[in-house]
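There are 4 protein chains.
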Amino acid sequence: MFSVEMTVRDYECDQQGIVNNAVYLNYLQHARHEFGRSVGLDWLELTARGVNLVLRRAELDYFQSLRPGDRVRITARPFRKGKFRFYFEQEILLLPDEIPAVKALMTAACVIDGKPAAPAELDRWFGPVS
Amino acid sequence: MFSVEMTVRDYECDQQGIVNNAVYLNYLQHARHEFGRSVGLDWLELTARGVNLVLRRAELDYFQSLRPGDRVRITARPFRKGKFRFYFEQEILLLPDEIPAVKALMTAACVIDGKPAAPAELDRWFGPVS
Amino acid sequence: MFSVEMTVRDYECDQQGIVNNAVYLNYLQHARHEFGRSVGLDWLELTARGVNLVLRRAELDYFQSLRPGDRVRITARPFRKGKFRFYFEQEILLLPDEIPAVKALMTAACVIDGKPAAPAELDRWFGPVS
Amino acid sequence: MFSVEMTVRDYECDQQGIVNNAVYLNYLQHARHEFGRSVGLDWLELTARGVNLVLRRAELDYFQSLRPGDRVRITARPFRKGKFRFYFEQEILLLPDEIPAVKALMTAACVIDGKPAAPAELDRWFGPVS
Numbered sequence: 170m171f172s173v174e175m176t177v178r179d180y181e182c183d184q185q186g187i188v189n190n191a192v193y194l195n196y197l198q199h200a201r202h203e204f205g206r207s208v209g210l211d212w213l214e215l216t217a218r219g220v221n222l223v224l225r226r227a228e229l230d231y232f233q234s235l236r237p238g239d240r241v242r243i244t245a246r247p248f249r250k251g252k253f254r255f256y257f258e259q260e261i262l263l264l265p266d267e268i269p270a271v272k273a274l275m276t277a278a279c280v281i282d283g284k285p286a287a288p289a290e291l292d293r294w295f296g297p298v299s
Numbered sequence: 170m171f172s173v174e175m176t177v178r179d180y181e182c183d184q185q186g187i188v189n190n191a192v193y194l195n196y197l198q199h200a201r202h203e204f205g206r207s208v209g210l211d212w213l214e215l216t217a218r219g220v221n222l223v224l225r226r227a228e229l230d231y232f233q234s235l236r237p238g239d240r241v242r243i244t245a246r247p248f249r250k251g252k253f254r255f256y257f258e259q260e261i262l263l264l265p266d267e268i269p270a271v272k273a274l275m276t277a278a279c280v281i282d283g284k285p286a287a288p289a290e291l292d293r294w295f296g297p298v299s
Numbered sequence: 170m171f172s173v174e175m176t177v178r179d180y181e182c183d184q185q186g187i188v189n190n191a192v193y194l195n196y197l198q199h200a201r202h203e204f205g206r207s208v209g210l211d212w213l214e215l216t217a218r219g220v221n222l223v224l225r226r227a228e229l230d231y232f233q234s235l236r237p238g239d240r241v242r243i244t245a246r247p248f249r250k251g252k253f254r255f256y257f258e259q260e261i262l263l264l265p266d267e268i269p270a271v272k273a274l275m276t277a278a279c280v281i282d283g284k285p286a287a288p289a290e291l292d293r294w295f296g297p298v299s
Numbered sequence: 170m171f172s173v174e175m176t177v178r179d180y181e182c183d184q185q186g187i188v189n190n191a192v193y194l195n196y197l198q199h200a201r202h203e204f205g206r207s208v209g210l211d212w213l214e215l216t217a218r219g220v221n222l223v224l225r226r227a228e229l230d231y232f233q234s235l236r237p238g239d240r241v242r243i244t245a246r247p248f249r250k251g252k253f254r255f256y257f258e259q260e261i262l263l264l265p266d267e268i269p270a271v272k273a274l275m276t277a278a279c280v281i282d283g284k285p286a287a288p289a290e291l292d293r294w295f296g297p298v299s
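Protein chains in written order, with the numbering used here: chain A, 170 to 299; chain B, 170 to 299; chain C, 170 to 299; chain D, 170 to 299.
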């Protein structure tokens, strides 16, 4: 499964001394975009062409706080349901033991000119319509 | 219902020209903490005393993108289930028409010395055990 | 002088319990952009047209830490030197006593197609070439 | 000289498609804190003991915009003047050619119980009083 590794930085933590819950959304987005790059379909390039992948729903379960210096692996498993609903199942795993810190299910839609769309190139991210 | 109002700032937006999805978590947290202040029970003061309110689950539905200069109202309706599970039902409403931009359900737990806790003072936030 | 007022939010503070030094740059940018809007020349609209105002130098003196709930006024006084060098002198003042928290001098350049530029519309921000 | 390497993430960029100027402060702080760890004197641990290293002045010259995916090296060269004034000279270098993107001089002070201080342990960061 696709994943990226990174280290928690001090400035990502709040007064509880742990990564602020909003920062996890940054981490998860980073992994999704890196996944996109890995298959040669860049989120930024899509955006520049007016193909907007937007988040419709985010579900996150927080299991384990993260602290400065923690090393994490962030996974991104894309899949789709029907033509227009795109998903990423994701985890943030605390290394080296891969302890789940966050599990997430992200639901996205593709919007072109304000309307739902499913250009064929998205098959490279999410697979073909099954 | 408790709510705060604020205006979207340019630096909160990303290359799509809309508020980045992680920033909504900041907005929602801000409203929860302001709610806490409004009933005289400060999140920071709790944290300083070792009473950690931590997020266990976040569910967000994104309905409407927000753009720089947009004025929003963010609500926070706290409730609890049983002794140890605390919730906030929240909305981000685009003003002046109160169009829902985000609806969220946040599940929290209270942790003292690493263990689930339910100090009586939290009744001021979430009501008594029903 | 142009200014905006805002309140420090919990999530802008780090483990020292004070506003992280990077966040002041956000505050200052926000005031500059709001100044732009106040004279009818929007930074975002300029950017969309390929007129990029970019920061060349930032000087910040930090006098006073800011804490959650602090109310601040942020000023922005634009001026220019010659045709191509644009400046903002800015302050972040802790209210109600207007205690200086930060004093800043920001130096900007205007770049169109990668080259220094000084379109006449910028006179509305920075005044005419003296 | 001490340095860390990292890659620009999409969410650090704003509507101009480049790293927002405030984010550079995060990068620079990250390098300073990692330097601290490298000599066994952790900023967070200092903070927890009431030894607050706070920024007094930041000077940044921006030479080159950074874009998503750019690989950078961030340096941190600490030095001191007299007993109480601590400095970091820093650079953000665009790899692989080490093109300077930002040059910065950060001035810090150490504050204990609200008063300037210079505990001997800081010699490990900044060297002895010359």
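Just so you know, even glycine gets a beta-carbon here, dropped at the ideal spot from N, CA and C.
query, result
"Whole-angstrom Cβ separation of B:E174 and B:V241, contact assumed at under 8 Å?", "7 Å"
"Work out the CA separation of C:A227 and A:V223 for me, nearest whole Å.", "34 Å"
"Let's test the definition: count the other Cβ atoms within 10 Å of the Cβ of C:D292 and tell me whether it reaches 16, buried, or not, exposed.", "exposed"
"Listing by chain order, which chain F residues have their CB less than 9 Å from the CB of A:Y180?", "This model lacks chain F altogether; the protein chains it does include are A, B, C and D."
"Contact criterion: CB-CB distance below 8 Å. Does D:N221 meet it with respect to chain A?", "no"
"Excluding the five sequence neighbours on either side, which residues of its own chain have a C-beta within less than 8 Å of the C-beta of A:I243, listed in chain order?", "S172, V173, E174, M175, Y196, L197, H199, A200, Q259, E260, I261, L262"
"For the region 225 to 247 of chain C, enumerate the residues whose C-beta is nearer than 8 Å to any C-beta of chain B, in chain order.", "P237, G238"
"Should B:Q185 be flagged as near chain A, meaning a C-beta pair shorter than 8 Å?", "yes"
"Does the region 225 to 239 of chain A come within contact of the region 182 to 194 of chain A, defined as at least 3 CB pairs closer than 8 Å?", "yes"
"Given 7 Å as the limit, tell me if A:T176 has its C-beta closer than that to any heavy atom belonging to the ligand PLP.", "Inclusion of the ligand PLP in the displayed structure is not the case, the ligand content being empty and no account of it being possible."
"By a C-beta neighbour count over all protein chains shown, 10 Å radius and 16 as the cutoff for buried, is B:L229 buried or exposed?", "buried"
"Going by CA-CA distance only, name the one from D:A287, D:D211, D:K272, D:V188 that's closest to D:G251.", "D:A287"
"Are B:R249 and B:F257 closer than 8 Å when you measure CB to CB?", "no"
"What does C:N195 touch in chain B if you count any residue whose Cβ is under 8 Å from its own?", "R178, Y180"
"Taking the runs of the beta strand (DSSP E) that are 3 residues or longer, which of them lie wholly in the region 207 to 254 of chain A?", "220 to 231, 240 to 250"
"Show which residues of chain D have a CB atom less than 9 Å away from the CB atom of A:W294.", "Within chain D, no residue comes near A:W294; the closest Cβ sits about 15 Å away, beyond 9 Å."
"Helix, strand or coil, according to DSSP, for C:L291 in the structure here?", "helix"
"Identify the contact partners of A:A217 in chain C, using a Cβ-Cβ distance below 8 Å as the criterion.", "Here the premise fails: no neighbours, minimum Cβ distance about 12 Å."
"Just checking my contact of C:W294 with C:P265 at CB under 8 Å: how many whole Å lie between their CB atoms?", "With 8 Å as the limit, C:W294 and C:P265 do not qualify as a contact, their Cβ atoms being about 29 Å apart."
"Starting from the C-beta of B:V298, find all residues in its chain whose C-beta is less than 6 Å away, skip the five residues before and the five after it, and write them out in chain order.", "K252"
"Taking C-beta to C-beta, are C:R126 and C:A277 nearer than 8 Å?", "The requested residue 126 of chain C is not part of the displayed model; chain C covers only 170 to 299."
"Pull up the distance between the alpha-carbon of B:P269 and that of B:F204, whole angstroms please.", "20 Å"
"I need the straight-line Cα distance from A:M275 to A:M170, nearest angstrom please.", "16 Å"
"Run down chain A in chain order and give the residues with a C-beta less than 7 Å from the C-beta of D:L291.", "Here the premise fails: no neighbours, minimum Cβ distance about 18 Å."
"Measuring alpha carbon to alpha carbon, tell me which residue in D:E267, D:D179, D:G296 is nearest A:D211.", "D:D179"
"So, helix, strand or coil for A:Q198, using DSSP?", "helix"
"What does DSSP give as the partner residue(s) for B:Q259 in the beta ladder?", "B:A273"
"Answer with buried or exposed for A:V208, where buried requires no fewer than 16 other C-beta atoms within 10 angstroms of its C-beta.", "exposed"
"Which class does A:V192 belong to by DSSP, given the choice of helix, strand or coil?", "helix"
"Can you give me the Cβ contacts of D:E290 inside the same chain, cut-off strictly under 7 Å, excluding the 5 residues immediately before and after it?", "L210"
"What residues from chain B crowd round D:A191, counting only those whose CB sits closer than 8 Å?", "Y180"
"Have a look at the DSSP bridge pairing and note the partners of D:F171.", "D:A245"
"For A:G283, which of A:L213, A:H202, A:V220, A:D183 has the nearest alpha-carbon?", "A:V220"
"Along the region 199 to 218 of chain D, where does the CB come closer than 9 Å to a CB of chain C? Name the residues.", "W212, L213, T216, A217"
"Out of curiosity, what's the CA-to-CA distance linking A:L213 and C:Y231?", "36 Å"
"Given a threshold of 16 other Cβ atoms within 10 Å of its Cβ, counted over all protein chains shown, does C:A245 qualify as buried or as exposed?", "buried"
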